[in-house]
Amino acid sequence: MSDCLFCKIAAGEIPSNKVYEDEICCAFHDIAPQAPTHFLVIPKKHIRSVSEITADNSGVISHIFQVIAKLVKEMGLESYRVVSNIGEQAGQSVFHLHFHVLSGRDMTWPPG
Ligand code: AMP
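Printed below as a string of structure tokens:
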């Protein structure tokens, strides 16, 4: 999508601090980290949010979670949180599907 920030990051048109990239997804550090480790994993193809996951595109989700498992292992993270905000009330500010991976501090439940 031409006016989507994360499509531009995925395409390399806007710089980011990438930690991983393949043909399906990429991962990069959040610009406003909420924990000592905070990176985002996104599909390269534009999907607006979890609400748009279907049988046709769900393969990318299992791939993303395999990538998350690989990255946290490589980073030596044993405890971490994976979050996806869906819709403005839940805190979604970028309308391109992304999974936050947060680690390195005590976390509370329920989230605020
Ligand atoms: P959400 O609010 O759940 O939609 O998450 C969007 C996240 O994208 C926020 O945590 C922002 O800090 C992060 N973000 C926004 N712009 C950038 C950027 N240019 N590079 C990296 N992260 C960004």
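Numbering that gives the first Met the number 0 numbers the first residue of the sequence shown as 0 and each following residue consecutively.
The C-beta atom is built at its ideal place from N, Cα and C for all residues, glycine as well.
The segment 88–97 touching the segment 38–46, judged by at least three CB pairs closer than 8 Å: yes
Is any heavy atom of the ligand AMP found at a distance shorter than 7 Å from the C-beta of S15? Position 16 of the sequence shown holds residue 15. Indeed, a heavy atom of the ligand AMP lies less than 7 Å from the Cβ.
Can we count D29 as close to the ligand AMP, meaning its CB is less than 7 Å from some heavy atom? Translated into the one-based positions of the sequence shown, residue 29 becomes position 30. Checking every heavy atom of the ligand AMP against the Cβ of D29, one is found closer than 7 Å.
Residue environment, F64, which counts as buried when at least 16 other CB atoms sit within 10 Å: Here the question's residue 64 lines up with position 65 in the sequence shown. With fewer than 16 other Cβ atoms from the protein chains shown falling within 10 Å of its own Cβ, F64 counts as exposed.
For L39, the residue or residues it bridges with in DSSP: The residue given as residue 39 occupies position 40 in the sequence shown. In the DSSP output, where bridge partners are listed per residue, L39 has F27 and H99.
Assuming P35 and R104 are in contact, meaning their beta carbons sit under 8 Å apart, how far apart are those beta carbons, in whole angstroms? For this step, residue 35 is matched to residue 36 along the sequence shown. For this step, residue 104 is matched to residue 105 along the sequence shown. Contact flag correct, Cβ pair sits at about 6 Å.
Does DSSP put E12 in a helix, in a strand, or in coil? By one-based count along the sequence shown, residue 12 stands at place 13. If DSSP states are grouped into helix, strand and coil, E12 belongs with coil.
Within a Cβ cutoff of 7 Å, which residues of the same chain sit near F5, ignoring the five residues on either side of it in sequence? As a first step, residue 5 is located in the sequence shown; it is residue number 6 there, counting from the start. The answer, listed in chain order, is I41, V93, H95 and H97.
According to DSSP, residues forming a beta bridge with R80: The residue you call residue 80 lines up with position 81 of the sequence shown. The partner list for R80 (beta bridge, DSSP) reads L101.
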